[in-house]
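For reference, the structure discussed in these notes is given below.
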Amino acid sequence: MSSTQEIQSGLAEILEEVAGVTPADATPEKSFTEDLDVDSLSMVEIATAVEDKFGVAIPDDELGNIKTVGDAISFIEKNQG
Amino acid sequence: MSTSDVVVTGLGATTPLGGDVSSTWDALLAGRSGVSRITDDWIKEYPAQLVARLATEPSEQIDRVRARRLDRSQQVAVVAAEEAWRDSGAGDAGVDPLRIAVVIGTGIGGALTLLDQDDVLEAKGPKRVSPFTIPMLMPNGPAAAVGLSIGAKGGVHAPVSACASGAEAIRWGLDLLRFDRADVVLVGGTEACVHPLPMAGFAAMRAMSTRNDEPERASRPFDKARDGFVLGEGAAALVLEREDSARARGARIHARLAGAAGTADGYDLVAPHPEGEGAARAITAALRDAGLSPADVGHVNAHATSTPVGDTAEAAAIRSAIGDHVLVSATKSQTGHLLGAAGALESVFAILALREQIVPATANLENPDDDANVQALDIVRGEPRRASLTAAVNDSFGFGGHNIALVFTTA
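Top line first, the protein sequences correspond to chains A and B. Be aware that the first sequence starts at 1, since it is given in our numbering, and climbs by one per residue. Be aware that the second sequence starts at 1001, since it is given in our numbering, and climbs by one per residue.
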């Protein structure tokens, strides 16, 4: 189990690698598409990286509900091992 | 049809000789080779182990996040296109995006992505295949990436005719301008498929040089001891405009694109017609299109890949369509064979030869082939040769029997 802080920083690493998001910008209130300019294909890559890093499974119908960094953190917290 | 001539206002390239046009041209005139021997483990079983790798990695020229969504063939296309676009100044000229078009050809497309993602599929399953796989492997991907880069909304096109693709793109660009379907067209070719599978495929055709111990001497067009081509990677791009609008905006004009033509051999899927009949028809038709006679042509940048049958067929075509007076260069002797980028790169060389009034030498041409046509041609070797040139031809041929000829004249 990762802490919220660990999840946020792990997610920030993924966002930087996949989409070039500056880690300091990856705060919970940020929308992936509106604020961080992450397109739909990059969201798929991010989801795959999250699955590998945190050992969670993100079904496609759940991915559509993850709009913000905070949504992703909550999803990981709820579903991890 | 517009009556205005079409001119070349921008040039770009990234090649085994250099990361841009000027470094590539300088290395070409200096006689440097871009060919080296592959040292990776996988190559050990291969009969042909040579390659002409890029002089500058595209990762040094493109932002990392942008690069990871582009196949290598797209990356090099973008590098070359952005150089040509900057060189033309068209981006600052307020051209309506609806009147900007792109034509970028490739012989093979995103082969590296296809093969890499197949490895991912085999190792990790379908859910781990990248969502960028399709836009990275599709053969129109380089044209689309370039179109996005320069903001072209007037049409983005991707001719695919094997090793004639880059030249075919230039011909399409000429047509778009003559039919007034665009005001500025960025054209070119790209290729990046150095990987075990394409290497094995070309080797299985017995098309590649096996002179593994002498990389720099392996690509030797028209030489008696030639034994195949050396696979190269890279891209080249040109910006084309109608002369009246180019002059109106004060653009620098490198040369004119005076004419173009394409033919099909109708002979064999891969073997060229032995007398170069279709190639000669293309050259003759391109000269007619340009309103020139064979005597006007001072220089040919030949396709000449260093294969035994291809070079003699081309020599026959050049002799019958142009004559023995013309100065011939085979620059693949130094760059290797860039497949779908070859025609674009060699057009850049033909344009620079006209602009600088100097004809590059053909490296490694020590003993010209006994073939009567090769013997009769004036193939420049040793050192580049100063010449008074008004018109130059670039011809390109592709598996499938595609022949494209382009005619450039001085500005």
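Ideal placement from N, C-alpha and C gives every residue a C-beta, glycine not left out.
Count the other CB atoms, across all protein chains shown, that sit within 10 Å of the CB of B:Trp1042; report buried if there are 16 or more and exposed otherwise.
-> Classification of B:Trp1042: exposed, given that the 10 Å Cβ count is below 16.
Assigned secondary structure, B:Met1408 (DSSP; H/G/I helix, E/B strand, else coil) | The residue you asked about is not Met; residue 1408 of chain B is Phe in the sequence shown. Judged by DSSP in its simplified three-state form, B:Phe1408 adopts strand.
Inspect the beta-carbon positions of B:Gln1073 and B:His1402 and report whether they are closer than 7 Å.
-> The sequence given here has Ser at residue 1073 of chain B, not Gln. In this structure, B:Ser1073 sits away from B:His1402, with a CB-CB distance that is not shorter than 7 Å.
Buried or exposed: A:Ser9, going by 16 or more other Cβ atoms within 10 Å of its Cβ?
-> Around the beta-carbon of A:Ser9, fewer than 16 other beta-carbon atoms lie within 10 Å, marking it exposed.
Which chain A residues sit within Cβ distance under 8 Å of B:Ser1130?
-> Within chain A, the residues whose beta carbon sits less than 8 Å from that of B:Ser1130 are Glu45, listed in sequence order.
If the cut is a Cβ gap below 9 Å, which residues of chain B does A:Thr27 touch?
-> Simply none; closest approach about 19 Å.
Check each candidate in B:Ala1353, B:Val1309 and B:Ala1235 and name the one with the smallest Cα separation from B:Ala1225.
-> Comparing Cα-Cα distances from B:Ala1225 to each of B:Ala1353, B:Val1309 and B:Ala1235, the minimum goes to B:Val1309.
Alpha-carbon spacing of B:Thr1410 relative to A:Asp52, whole angstroms | Rounded to the nearest angstrom, the two C-alpha atoms are 59 Å apart.
A:Asn79 by DSSP, collapsed to three states: which one?
-> In the structure shown, A:Asn79 sits in a helix (DSSP, three-state: H, G or I).
Per DSSP, which residues does B:Leu1186 bridge with? Please list them.
-> Answer by DSSP bridge pairing, in chain order: B:Val1102 and B:Val1239.
Give the residues from the stretch 1051-1085 of chain B that approach chain A closer than 9 Å (Cβ to any Cβ), ordered along the chain.
-> Listed by position, the residues of the stretch 1051-1085 of chain B near chain A (Cβ gap below 9 Å) are Asp1063, Arg1064, Val1065, Arg1066, Arg1068 and Arg1069.
Amino acids of chain B, ordered along the chain, whose beta-carbon sits closer than 9 Å to that of A:Leu41 = Correct list: Arg1069, Ser1130, Pro1131, Phe1132 and Pro1135.
Do B:Leu1352 and B:Trp1025 have their CB atoms nearer than 7 Å?
-> Their beta carbons are under 7 Å apart, which means B:Leu1352 touches B:Trp1025 by this criterion.
Given a cut-off of 7 Å, decide if B:Gly1278 and B:Asp1296 are closer than it, judged by their beta-carbon atoms.
-> Cβ atoms of B:Asp1296 and B:Gly1278: not closer than 7 Å.
To the nearest angstrom, report how far apart B:Ala1405 and B:Ile1038 are at their CA atoms.
-> So the two alpha carbons sit approximately 33 Å from each other.
Give the DSSP bridge partners of B:Val1378, in chain order.
-> Before going on, a small fix: residue 1378 of chain B reads as Asp here, not Val. Here B:Asp1378 is bridged, per DSSP, to B:Leu1327.
Between B:Val1326, B:Ser1347, B:Val1185 and B:Pro1294, which lies nearest to B:Lys1332 when the distance is taken from Cα to Cα?
-> A check of alpha carbon separations from B:Lys1332 across B:Val1326, B:Ser1347, B:Val1185 and B:Pro1294 identifies B:Ser1347 as the nearest.
Have a look at B:Val1007, B:Ile1108, B:Glu1366 and B:Asn1394 and flag the residue whose alpha-carbon is nearest the alpha-carbon of B:Leu1471.
-> Residue 1471 of chain B lies beyond the range of chain B shown here (1001 to 1411); nothing can be said about it.
Where does B:Asn1403 sit, in a helix, a strand or coil, going by DSSP?
-> It is a strand residue.
Chain B within 7 Å of A:Gly10, Cβ atoms only = A:Gly10 does not count as touching chain B.
Helix, strand or coil at B:Phe1202 according to DSSP, with G and I counted as helix = If DSSP states are grouped into helix, strand and coil, B:Phe1202 belongs with the helices.
Segment contact flag, the stretch 1105-1114 of chain B with the stretch 1190-1198 of chain B, C-beta cutoff 8 Å, min 3 pairs | Contact between the stretch 1105-1114 of chain B and the stretch 1190-1198 of chain B is present, because at least three Cβ pairs lie under 8 Å.
Over what stretch of residues does the beta strand (DSSP E) that includes B:Leu1292 continue unbroken?
-> Where B:Leu1292 is concerned, there is no enclosing beta strand (DSSP E), given that its DSSP letter is neither H nor E.
Applying a beta-carbon distance threshold of less than 8 Å, which residues of chain B neighbour A:Thr48?
-> In chain order: Lys1127 and Arg1128.
What residue from A:Val44, A:Thr48, A:Ala19 and A:Ile76 has the CA that sits closest to A:Leu36's CA?
-> Selected option, being the one with the closest Cα: A:Ala19.
Give the secondary structure of B:Val1007 by DSSP, where H, G and I count as helix, E and B as strand, and everything else as coil.
-> It is a strand residue.
With 7 Å as the threshold, decide whether the Cβ of A:Gly20 is near any Cβ in chain B.
-> Chain B places a beta carbon closer than 7 Å to that of A:Gly20, counting this residue as a contact.
Any chance the CB of B:Trp1025 is under 6 Å from a heavy atom of the ligand FAD?
-> No copy of the ligand FAD occurs in the structure displayed, which carries no ligand at all.
Tell me the DSSP bridge mates of B:Ala1261?
-> Answer is B:Ala1405.
A:Phe54 by DSSP, collapsed to three states: which one?
-> Three-state DSSP puts A:Phe54 in a helix.
Does DSSP classify A:Met1 as helix, strand or coil?
-> In this structure, DSSP gives A:Met1 a state outside helix and strand, which the three-state scheme calls coil.
Tell me whether the beta-carbon of B:Val1239 lies closer than 7 Å to the beta-carbon of B:Gly1010.
-> Yes. Within cutoff.
Quick one: what does DSSP say B:Ile1358 is sitting in, helix, strand or coil?
-> Strand at B:Ile1358.
Please state whether DSSP places A:Val69 in a helix, a strand or coil.
-> For A:Val69, the three-state secondary structure derived from DSSP is helix.
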